[in-house]
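Note sheet for the following structure.
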Amino acid sequence: MFQNPAVKELVEKYKPLWALDSVGALLEWDMETYMPIGSSEQRGVTLSQTQLLRQERMLQLSDIVSTARRSQELNDSESGIVRVLGRDIDYYTKVPPKLLEDIFRTSAEGTVVWREARKKSDFSMFKPYLEKMMSLKRQEAEKLGYKGHPYNALLDRFEEGVTTDDVDKVFSPLQSELKAILTKVLAAGKFPSSHPLEAISYEEPAMKRVNEDALKLLRMPEKTFRMDISTHPFTTSMSIEDVRITTRYEGKDFKASLFSTVHESGHAIYELQIDRSLNYTPLARGTSLGVHESQSRFWENFVGRSREFIKRVYPSLKANLPFVSGYSEDEVYRYVNSVRPSLIRVDADELTYNFHIMLRYELEKKLIGGEMEVAEAPSVWNDLMEKYVGVRPRDDAEGMLQDVHWSGGLIGYFATYSLGNVIAGMFYNRIQKDLDFKATVAGAELGRIKDWLKERLHKYGATYSPKEIQKRVFGEAYNPQWLIRYLQEKYLT
Ligand SMILES: [Zn+2]
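Its first residue numbered 15, the sequence shown is counted upward by one per residue in this note's numbering.
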């Protein structure tokens, strides 16, 4: 697999870095699940010191990466190694340590203040921290360099090679087409403003059994995978042989827990199916946030919220949550697929979710481009919510204080959620050329879908950039038409 002498040397010297990343992932997982709260300051220091060590060791690989880059005949895996390491080295070379430290400190302080500000719904508390973060991120963009809009430099960190032009081309048709679907769905009065199943309480152990049954349906491996609990569900990977997800139990509205589990399992399947030959290399990870999100959304929405999957999980729901017996399979399907304008992104349905993302993307772009002041952002947020979804936040806790991302310096991240939905739509269209998707979800081994995804995407890890891998699978990248068509079929027929 790796023949080029410079690449072989890189792979060997990368091992300690791989170990550092693995340790970091384990520490972060622990922080969100089992760590005693009193340890949070110390854990912050441990993590930032680990990061410094990573940066130092990564920069030591710089000369070998340059040598490897000059080689004429690199195979795809070798080019992948050079590309992935080159991106990290480029970042550490261009962004001065002082700026990185400022971002880290502002993020740590800002996140604490943001929590308090959200609780009190008081944007003025958080405003100076957001102003500081936006200014630091503008500096980061300047240091990194960009063509066109400064936001491109930040976007590229999360979705390699993607620019605002690319995103605008996706979001513009998505916005008008989804708005048309939403208008029709609301006019038809298909979904009530609330569903009785949302309010009925469940016992956590019973819900856990439902989630475990769902994991069995998805054939999640027992020896290399585990599920725990955290406030905000996530997936992390210590290695290809140790991938962990978390889920949430809020005590009612069971679909939130079930679909968090299926969503995170989608992320985990991607990580678990990376080819073993890439173990310990920088390619042993998903290629971008958007492509990763395509996998979680594919399993959550296209598989999980289908009639066929509901049919398979319904017996477990009835057995473990006795109140479900009062509702038919069809009613449960309607409950998990309700479309309704709402204010909070993480609770939004499959259709309106994308509006929440487009709004954040527009705001970020303007803030980074200097076309809007932070002080104006909350009212612009509220106006856009009303324009897109037809509801207006009553306060900033329901509005622009709801997400943790900006306080943590994650600017350029949100767009990848909707890009993920778009790529999931492309997978849904493509997979049906090779297998009877509905019949497979209805009765056959779901492993067939996993195998299909493994062969086309998972096994390569980060070998190809997000645009390259899409061109290989679909012959095109980020085409929103397939997601639009799927949503039209699902909600308008
Ligand atoms: Zn996700």
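We treat Cβ as the ideally placed atom computed from N, Cα and C, and that holds for glycine.
Quick caveat: nothing in here was measured; it's all calculated off a predicted structure.
(request) Let me have the residue list for ligand 1: C-beta closer than 6 Å to any non-hydrogen atom, ordered along the chain. (result) H277, H281, E307 and S310
(message) Output needed for F205: all residues of its chain with C-beta closer than 8 Å, excluding positions within five of it in sequence on either side, in chain order.
(response) V199, R348, S352, V353 and R354
(request) For the alpha helix (DSSP H) containing S138, list its first residue and its last residue. (result) F137 to L158
(message) Could you tell me the alpha carbon to alpha carbon distance between I103 and A122, rounded to whole angstroms?
(response) 24 Å
(message) Beta-carbon within less than 8 Å of I463's beta-carbon, same chain only, minus the 5 sequence neighbours each way: which residues are those?
(response) V317, I445, L449, F451, T454 and V455
(message) Which complete beta strand (DSSP E) runs does the region 207-261 hold, if anything under 3 residues is left out?
(response) 239-243, 249-253 and 256-261
(request) With distances taken Cα to Cα, identify the nearest neighbour of H370 among R499, N18 and D417. (result) D417
(request) My understanding is that L365 touches L211, with C-beta atoms under 8 Å, so please give their C-beta distance in whole angstroms. (result) Not a contact, Cβ separation roughly 19 Å.
(request) Could you spell out where the alpha helix (DSSP H) holding Y341 opens and where it closes? (result) First-last for Y341: undefined, no H or E at that position.
(message) At the level of alpha carbons, what is the spacing between N435 and G280?
(response) 13 Å
(message) Nearest by alpha-carbon distance to Y160: which of S149, V394, T177 and I214 is it?
(response) T177
(request) Could you tell me whether the Cβ atoms of Y263 and S251 are closer together than 8 Å? (result) no
(request) Starting from I463, trace the alpha helix (DSSP H) both ways and give me its first and last residue. (result) G461 to R470
(request) Compute the Euclidean distance between the alpha carbons of A476 and V21, then round it to the nearest angstrom. (result) 16 Å
(message) Between the region 313-331 and the region 285-295, can you find at least three pairs of beta-carbon atoms closer than 8 Å?
(response) no
(message) Between V327 and A228, how many whole angstroms is the CB-CB distance? I'm expecting something under 8 Å.
(response) 6 Å
(request) Report the partner residues of K266 according to the DSSP bridge assignment. (result) S215
(message) For P355, report the span of its alpha helix (DSSP H) as first-last.
(response) Where P355 is concerned, there is no enclosing alpha helix (DSSP H), given that its DSSP letter is neither H nor E.
(request) Count the CB pairs spanning the region 236-251 and the region 180-197 that are closer than 8 Å, and state whether there are at least three. (result) no
(message) Between the alpha carbons of D180 and R83, how many angstroms are there, rounded?
(response) 27 Å
(message) Using CA atoms only, rank isn't needed, just tell me which of Y500, H419 and I259 is closest to T120.
(response) H419
(request) Give me the Cα-Cα distance between R508 and A362, rounded to the nearest whole angstrom. (result) Within the shown structure, residues of the chain are numbered from 15 to 507, placing residue 508 beyond reach of any answer.
(message) Please state the DSSP three-state secondary structure of Q484.
(response) helix
(request) Report buried or exposed for V25, applying the criterion of at least 16 other Cβ atoms within 10 angstroms of its Cβ. (result) buried
(message) Using only CA atoms, which one of K27, F268 and P50 lies nearest to A220?
(response) F268
(message) I believe L67 touches L41 by the beta-carbon criterion, under 8 Å. Please report the beta-carbon distance rounded to the nearest angstrom.
(response) About 13 Å; that fails the 8 Å criterion.
(message) Using the Cβ count rule (16 or more neighbours within 10 Å means buried), how would you classify D44?
(response) exposed
(request) Could you tell me the distance, in whole angstroms, from the CA atom of W496 to the CA atom of E490? (result) 12 Å
(request) Return the residue from the list E482, G384, Y367 and P494 that minimises the CA-CA distance to Y402. (result) Y367
(request) Could you say which of G422, W466 and D170 lies nearest to Y442 if we only look at CA atoms? (result) W466
(request) Take A411 as the anchor and find which of I358, P235 and A202 has the nearest alpha-carbon. (result) I358
(request) Examine the Cβ distances between the region 136-145 and the region 162-174 and report whether three or more of them are shorter than 8 Å. (result) no
(request) Note down, in chain order, each residue of its chain lying with its Cβ closer than 6 Å to the Cβ of R71, except the 5 sequence neighbours on either side. (result) L31
(message) Given a cut-off of 8 Å on the beta-carbon distance, is the pair G265 and S215 in contact?
(response) yes
(message) Taking the alpha-carbon of L158 as reference, which of A33, R499, L113 and R311 has the nearest alpha-carbon?
(response) L113
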